Amino acid sequence: MPEPVHPCLHCGACCQNYRVEFSVYELQSMGGTVPDALVHEAGGNRCRMNGTERHPVRCVALAELGGGCIGCGIYAVRPRTCRDFPFASYGCHDTRAKLGLPALAEDEVERWRNAA
699 MPEPVHPCLH
709 CGACCQNYRV
719 EFSVYELQSM
729 GGTVPDALVH
739 EAGGNRCRMN
749 GTERHPVRCV
759 ALAELGGGCI
769 GCGIYAVRPR
779 TCRDFPFASY
789 GCHDTRAKLG
799 LPALAEDEVE
809 RWRNAA
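In the working numbering, the protein residues as written are 699 to 814.
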């Protein structure tokens with residue numbers, strides 16, 4: 699039986715609903731981790747993930763992961779805005795519902811919160 703995968707690694711809901719804006723200091727060219735080619739300037743010392751500046755939102759980093767799953771193609775180097783988005787929060791549940799995804803089951807939420 700395959701190992702269970704954290705829902706954040708194969709959901710992609712937040713990548714299709716929220717603007718992702720963050721400091722330019724998170725860019726690889728500035729010593730950070732986020733690939734410069736995936737962003738555009740948002741003013742001052744801010745930049746934004748391409749695809750999150752318009753509606754419908756679809757972050758450029760959202761990728762087909764295989765097996766019918768989509769998720770962040772740069773998960774390990776994603777910006778702090780994405781890292782700080784709270785798993786199983788109201789925003790998470792609301793966004794999943796907007797996209798027609800099933801709600802996260804309570805036991806699933808508990809399992810992953812305890813694993814963190």
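Note that beta-carbon positions come from the ideal geometry of N, C-alpha and C, so glycine has one too. Nothing here was measured: the structure is a model prediction, and the numbers come from that model.
Sheet register partners of residue i (DSSP bridge)
i    : result
L725 : V732
I772 : For I772, which the question treats as bridged, DSSP gives no partner whatsoever.
F720 : C745
Endpoints, the beta strand (DSSP E) within which residue i is located
i    : result
G764 : L760 to G764
H738 : V737 to G741
Which of helix, strand or coil DSSP assigns to residue i
i    : result
E806 : helix
C712 : helix
Check whether residue i and residue j have beta carbons under 9 Å apart
i    : j    : result
P777 : V732 : yes
A759 : G771 : yes
Q714 : R756 : yes
V718 : T779 : yes
Host alpha helix (DSSP H) of residue i (start-end)
i    : result
C757 : Run containing C757: none; DSSP gives neither H nor E here.
C780 : R778 to R781
H791 : Y788 to K796
Measuring CB atoms only, is the stretch 702 to 717 touching the stretch 766 to 774, in the sense that at least three cross pairs come out at less than 8 Å? Contact between the stretch 702 to 717 and the stretch 766 to 774 is present: 3 or more CB-CB pairs across the two stretches fall below 8 Å.
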